[in-house]
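In case it helps, mature numbering (1 follows the signal peptide of the UniProt record, and there is no 0) puts the sequence shown at residues -22 to -1, 1 to 170. Just so it is clear, CB atoms sit at the ideal spot from N, CA and C, and this is done for glycine as well. Small disclaimer: the values here were computed from a predicted structure and weren't measured. To start, the structure itself, in structure tokens.
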Amino acid sequence: MKKGTISLLFLMVLFSSNIIMAQDKLNLSAEKSKVEIHGDSNVHKWEENAEEMTGSITASLDNGNLQNITSFELKIPVEGIESGKGAMNDKTYKALKAKNHKNITMTLNNVDEIKSIGNGQYNVTATGSLTIAGTQKSITFTAKATATSGSIKIQGELPIKMSEYNVEPPTAMMGAVKCYDDVNVKYELVLQ
């Protein structure tokens, strides 16, 4: 009886360690990643870029094949968002309430599907939480993941309505220029 129990415990430890070892925690490479925010106004289209960001992903990679994603987080400092125009930056930081809410964060809640589309690429459908200006909302998103041994690149777009996060779209020239409520966030995140 003792021999059978010991054998069972040994197998449980062996399989548990294989499962644990199969999980890779990869960190975001800010230099290789980009997040672009695209919007429009009654005058012209505009774009801003996240110049600073941190993040990580925990995933099961088997010889470069993506098996599962168990965690993901992304943090973008609001004052790391850059338009190339000082006045526009200031309006962005004010609209996003940067004094009280210094970061935009996104975390993974659940992966609904990982579907291989060939050549180490996958369509991933997931749910998560997005926090902007102190308001947290649940989101569902689809992204394309490219997996290699030791790295994952995640690409996609996420449409956002500023008003859903209690962000008042910025204005300029005493209200003559008004940003529209809809923005589109395009991202390419490299995690190694």
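inquiry  = Could you tell me which whole beta strand (DSSP E) segments of length 3 or greater appear in the segment 12 to 61?
reply    = 12 to 18, 23 to 28, 32 to 40, 43 to 55
inquiry  = Quick check: the Cα distance between K131 and E146, rounded to an integer number of angstroms?
reply    = Rounded to the nearest angstrom, the two C-alpha atoms are 32 Å apart.
query = At which residue ranges does the segment 64 to 120 contain complete beta strand (DSSP E) runs of 3 or more residues, listed in the order of the chain?
reply = List check, beta strand (DSSP E) in window: 81 to 96, 99 to 110.
request  = Go ahead and label T118 buried or exposed: buried means 16 or more other beta carbons lie within 10 angstroms of its beta carbon, across all protein chains shown.
outcome  = exposed
task = For the beta strand (DSSP E) containing P137, list its first residue and its last residue.
result = 129 to 139
inquiry  = Per DSSP, what are the beta-bridge partners of Y165 in this structure?
reply    = As DSSP reads the structure, Y165 sits in a beta bridge with V13, G134.
key: Segment limits, beta strand (DSSP E) that includes D2   = 1 to 5
request  = Within 10 angstroms of the Cβ of T70, are there 16 or more other Cβ atoms? Answer buried if so, exposed if not.
outcome  = buried
Closest by C-alpha distance to K77, when choosing among V56, E9, I95, T85 = V56
request  = Using three-state DSSP, classify G153 as helix, strand or coil.
outcome  = Note: G153 maps to coil in three-state DSSP.
request  = Just grab the DSSP bridge partners of D160 for me.
outcome  = K139
ask   = In its own chain, which residues sit with a C-beta less than 6 Å from the C-beta of L108, not counting the 5 before and 5 after it?
value = M84, K115, I117
key: Of the residues A123, N87, G106, the one placed nearest K93, counting alpha carbons only   = A123
request  = Compare the C-beta of E166 with all C-beta atoms of chain D and state if any pair is closer than 8 Å.
outcome  = Looking at the structure shown, chain D is missing, and only one protein chain is on hand.
request  = Note down the Cα distance separating I138 from G98, rounded to an integer number of angstroms.
outcome  = 29 Å
query = What do you get for V13, buried or exposed, if any count of 16 or more other CB atoms within 10 angstroms of its CB means buried?
reply = buried
key: Residue environment, G112, which counts as buried when at least 16 other CB atoms sit within 10 Å   = exposed
query = Which residue from G128, L86, I15, W24 puts its Cα closest to that of N41?
reply = Checked all of G128, L86, I15, W24; the closest Cα to N41 is G128.
ask   = Cβ of I47 within 8 Å of Cβ of V89?
value = Judged by beta-carbon spacing, V89 lies within the 8 Å limit of I47, meaning their Cβ atoms are closer than that value.
ask   = Do you know whose CA, among Y143, A37, E142, lies nearest L4's CA?
value = Distances from the alpha-carbon of L4 to those of Y143, A37, E142 put A37 closest.
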